[in-house]
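Colleague: Residue numbers are given in our numbering: position 78 of the sequence shown equals residue 754, and the series is strictly consecutive.
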Amino acid sequence: MNDKFFLDTNVLVYTFDRDSPRKRERAAALVTEALAGSKGIISYQVAQEFLNAVTRKFSKPLSVPDAQRYLTVVLEPLCAVFPSVELFHQALDLSGRWGYSFYDSLIVAAALQADCSVLYSEDLQHGQKIGRLKIVNPFLEAA
Numbered sequence: 677m678n679d680k681f682f683l684d685t686n687v688l689v690y691t692f693d694r695d696s697p698r699k700r701e702r703a704a705a706l707v708t709e710a711l712a713g714s715k716g717i718i719s720y721q722v723a724q725e726f727l728n729a730v731t732r733k734f735s736k737p738l739s740v741p742d743a744q745r746y747l748t749v750v751l752e753p754l755c756a757v758f759p760s761v762e763l764f765h766q767a768l769d770l771s772g773r774w775g776y777s778f779y780d781s782l783i784v785a786a787a788l789q790a791d792c793s794v795l796y797s798e799d800l801q802h803g804q805k806i807g808r809l810k811i812v813n814p815f816l817e818a819a
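(1) DSSP puts L809 in a beta bridge; with which residues?
(2) For W680, which residues in the same chain have their Cβ closer than 7 Å to its Cβ, ignoring the five residues on either side in sequence?
(3) Do the stretch 719-735 and the stretch 698-706 touch if we need at least three Cβ pairs shorter than 8 Å?
(4) Give the single residue among L688, A710, F726, R808 whose Cα lies nearest to the Cα of A785.
(5) Y796 and L683 look like a contact to me (Cβ under 8 Å); what is the Cβ gap, rounded to whole Å?
(6) Can you check whether the CB of V687 is closer than 9 Å to the CB of V707?
(7) List the endpoints of the continuous beta strand (DSSP E) containing Y796.
(8) What is the rounded straight-line gap between the Cα of L751 and the Cα of P741?
(9) What are the complete beta strand (DSSP E) segments, minimum 3 residues, inside the stretch 768-796?
(10) Helix, strand or coil for M677 per DSSP?
(11) Looking at L747 and L727, is the spacing between their C-beta atoms short of 9 Å?
Here it is, written out as structure tokens:
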């Protein structure tokens, strides 16, 4: 089984969460592992959602220079899946079969396209297997 893993947006967001130290620590460990081992993957969608959240939705948003630095140091090295018609078709198929929203299905489709064995996400069904991909909520023990 491939040991590549996919990080959903919420994992990256939790690296900045001062209110949930256990989740922050777990998220930071996953991001560190992703960068160090070249096994962690994100998609363009995760990068977009994350940058929107940190620059607009945080109580203390990141400055543009800080967001650009994070983009260069963290998001760029991890970003391996980009939009394509094939990705959209796969997301629609997944949405129809599994009942996920289109945007959640894009995340799953991206993880499958990147040949990941694990998708870390707090927003999807923990333990569900979709083909070779297992969805894991990395924060269950960190709550």
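Cβ atoms here follow ideal geometry from the backbone N, Cα and C, with glycine treated the same way.
Modeller: This is what the structure holds:
(1) According to the DSSP secondary-structure assignment, L809 is paired through a beta bridge with I806.
(2) It is Lys, not Trp, that sits at residue 680 in the sequence shown. Within the same chain, Cβ atoms closer than 7 Å to the Cβ of K680 are found at K715, I717, A790, D791, C792, S793, the five residues on either side in sequence being excluded.
(3) Between the stretch 719-735 and the stretch 698-706, the count of Cβ pairs shorter than 8 Å is below three; the stretches do not touch.
(4) R808
(5) 5 Å
(6) Using a Cβ distance threshold of 9 Å, V707 and V687 count as a contacting pair.
(7) 794-796
(8) Each residue's Cα considered, the two are about 14 Å apart.
(9) 794-796
(10) Reliability fails at M677, whose pLDDT of 46 lies under 50, so the model's placement of it is uncertain and no value is given.
(11) yes
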